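A short write-up of the structure that comes next.
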Amino acid sequence: MPVIFEYVPKDTGIHRLNPIVKILMLVVLFTMLSIYWDLRFLLLLTFLSTLLYVLSKTPAKWMLLSIPFCIIKFFEASLLGIMQSNPELFKTLPTDVASTIIARFGPFTLTYGGLLWTLAVILKIVNTMMLTFMFIHTTSLNDLIRALSTLKIPPKIIYVFIITLRFVPDMWRELKMLINAQRLKGWNIKVRNPIKLLKMTRMIVGAFIRKVILHVEILSIALQIRGFSLNATRYPWKIKLTSADKILMVLMVLVLVVATYLYFTLDLGKI
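Residue numbers for the sequence shown follow the working numbering, beginning at 1328 and rising by one.
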């Protein structure tokens, strides 16, 4: 049964896309996210990412589980935003607007330009997470291996990439098995005493850490046994692109070329 951060077979248009098309989609969108700082364009990309997230039927709880990470990154971006007080750092924002002080924190000041920079960083993080989760949810690992092999990606890199995608689901299953095993022994985490709670969870944490270490050790041994060499066997997989795949690939390349051209020639997307 699929668990969190794992591929789930569904009948959606994004699921049916060739993995190479989805890889190209991520490359295009991530490139635009990396170069654009204008909130108007980032909000447009956020709308597109949300649309892809919804159309792919990626579980909303995946984003909810990432809220703690988003909160940490929010405070980190806020601290960095306070440091963006030099109006000369901004390319298109007028100097008097960029240097407008919004709030003071002791010797530090939050300017309008720094606030825009902070909001841009947060939108970049949210978009990156949505697109990554969408890709994981809609792309079979077997299809992904075939696609990466077709693109002549070195087998060792493919192996490490796939193992990385498998790590969280595998560890989540192990954690659920440990919790269920303890519950069968009468273990109940619903206690109000924090000291007792720590003692009860210590067994789970210790066993889980041992599982993680064992998992990493197994992967290391497997990597050595496989012996990735220049004479490694390659399977003659062929790319099968539908008409929709080809049209999307052409459109995405055109969008990337136009967006990059406008960015470097007209400063479109800069702040």
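No residue lacks a Cβ here, since even glycine has one placed at the ideal position from N, Cα and C.
Nothing here was measured: the structure is a model prediction, and the numbers come from that model.
T1325 and S1405: beta carbons closer than 9 Å? With the chain represented from 1328 up to 1598, any question about residue 1325 goes unanswered, as that position is not in the structure.
Bridge partner(s) assigned by DSSP for A1430: Residue pairing from DSSP places A1430 in a beta bridge opposite L1437.
Going straight from the alpha carbon of N1413 to that of L1351, what length do you get? 36 Å
Tell me where the alpha helix (DSSP H) around M1498 begins and ends. 1482-1511
Ranges of the beta strand (DSSP E) found wholly within the region 1558-1594, counting only runs of at least 3: none
Run of the alpha helix (DSSP H) containing D1423, from where it starts to where it stops: 1422-1425
Can at least three beta-carbon pairs, one atom from the region 1378-1397 and one from the region 1416-1424, be found at a separation below 8 Å? no
CA-CA distance, V1539 and T1459? Straight-line Cα distance between these residues: approximately 23 Å.
Same chain, Cβ closer than 6 Å to L1595, neighbours up to 5 away in sequence not counted: L1589
Should L1557 be labelled buried (16 or more other beta-carbon atoms within 10 Å of its own) or exposed? In this prediction, L1557 has a pLDDT of 46, which is less than 50 and means its spatial position is unreliable; nothing more can be read from the coordinates.
Rounded to whole angstroms, what's the CA-CA distance from H1542 to L1505? Just pull it up for me. 15 Å
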